[in-house]
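Residue numbers (the working numbering): 1 to 180.
Cβ atoms here follow ideal geometry from the backbone N, Cα and C, with glycine treated the same way.
Below is one structure, written out as structure tokens; the observations come after it.
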Amino acid sequence: MTYRVRLSTAGVPGINDPDQLLVLKREDAGDAWTPLDTERDGDVLVSDTLSSFSQFTIGGDESVNPLPVELTTFTATAEGDGRATLTWTTAAETSNDGFHVERSTDGGATFEKIGFREGAGTTTEAQRYRFTDTRVPYDAEQVAYRLRQTDRNGEATYSDPVTVERGGPEAFALRGVFPN
């Protein structure tokens, strides 16, 4: 028995040459992507030689169809004084309007916007960004952050979240305590 997978490219930003795209397959999240024999039907990619179900995506040569923003690092560091510093780097950007910084204190179920950093627009040079959250909720044991990157055409993508553990004071000291 063989199966057919059909994946639409309609509305996907950054596609310069749709003929260079392929359907990719992998068995599990840790496996490498394998290109499949792919045909085009308008803006739909079709592969019909599949013998099993697994994970599928659309891919191709990034030099032909570059991602709008290539995020290479994203880290969050607890500063110990009620602040968290976020840093991220991009390898390249295409029509990048900027990054909305979002925070979650409920394990990533909901996020709220806490800031914005303007993007570099279009560049092939690495860019570094930094944002300091000066109002980390005191009662939050763990805080998650993510980036909502927006293009100038309004398209948006989300980064994977990063987390910081909010620790309490390392030591307490009482001084000048006298009986009444």
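{"Item": "For Thr150 and Met1, I'd like the C-alpha separation in whole angstroms.", "Value": "42 Å"}
{"Item": "Counting pairs of Cβ atoms below 8 Å between the segment 86-99 and the segment 113-130, do you hit three or more?", "Value": "yes"}
{"Item": "Is the segment 151-160 touching the segment 136-143 in the sense that three or more CB pairs, one from each, lie closer than 8 Å?", "Value": "no"}
{"Item": "Determine the contact status of Tyr145 and Glu102, defining contact as a CB-CB distance below 8 Å.", "Value": "yes"}
{"Item": "Taking DSSP's pairing of strands, which residues face Thr134 in a bridge?", "Value": "Partner(s): none; Thr134 has no beta bridge."}
{"Item": "Just the C-alpha distance for Gln20 and Ser54, rounded to the nearest angstrom, thanks.", "Value": "22 Å"}
{"Item": "To the nearest angstrom, report how far apart Asp106 and Glu165 are at their CA atoms.", "Value": "13 Å"}
{"Item": "Within the same chain, show all residues whose beta-carbon is closer than 7 Å to that of Gly119, passing over the 5 residues directly before and after it, in chain order.", "Value": "Glu93, Asn96, Asp97, Gly98, Phe99"}
{"Item": "Considering only DSSP beta bridges, list what Asn96 is partnered with.", "Value": "Gly121, Asp151"}
{"Item": "Identify every residue that forms a DSSP beta bridge with Phe111.", "Value": "Partner(s): none; Phe111 has no beta bridge."}
{"Item": "What separation, rounded to the nearest whole angstrom, lies between the Cα atoms of Thr163 and Ala78?", "Value": "9 Å"}
{"Item": "For Ser188 and Leu147, what's the separation of their Cα atoms in angstroms?", "Value": "For the chain, the structure presents residues 1 to 180; residue 188 sits outside this window and is missing."}
{"Item": "Mind checking whether Ser181 and Leu36 have CB atoms under 8 Å apart?", "Value": "Examination of residue 181 is not possible in this model, given that the chain is present from 1 through 180 alone."}
{"Item": "Got a sec? Which residues, its chain only, sit under 6 Å from Val44 by beta carbon, not counting five neighbours each side?", "Value": "Arg6, Ser8"}
{"Item": "When DSSP labels each residue in this structure, what does Pro161 get in the three-state scheme?", "Value": "coil"}
{"Item": "According to the Cβ coordinates, are Phe74 and Val23 closer than 8 Å?", "Value": "no"}
{"Item": "Considering Cα atoms alone, identify which of Ala126, Ile114, Gln142, Ala10 is closest to Leu71.", "Value": "Ala126"}
{"Item": "Nearest-angstrom Cα distance between Arg4 and Thr49?", "Value": "7 Å"}
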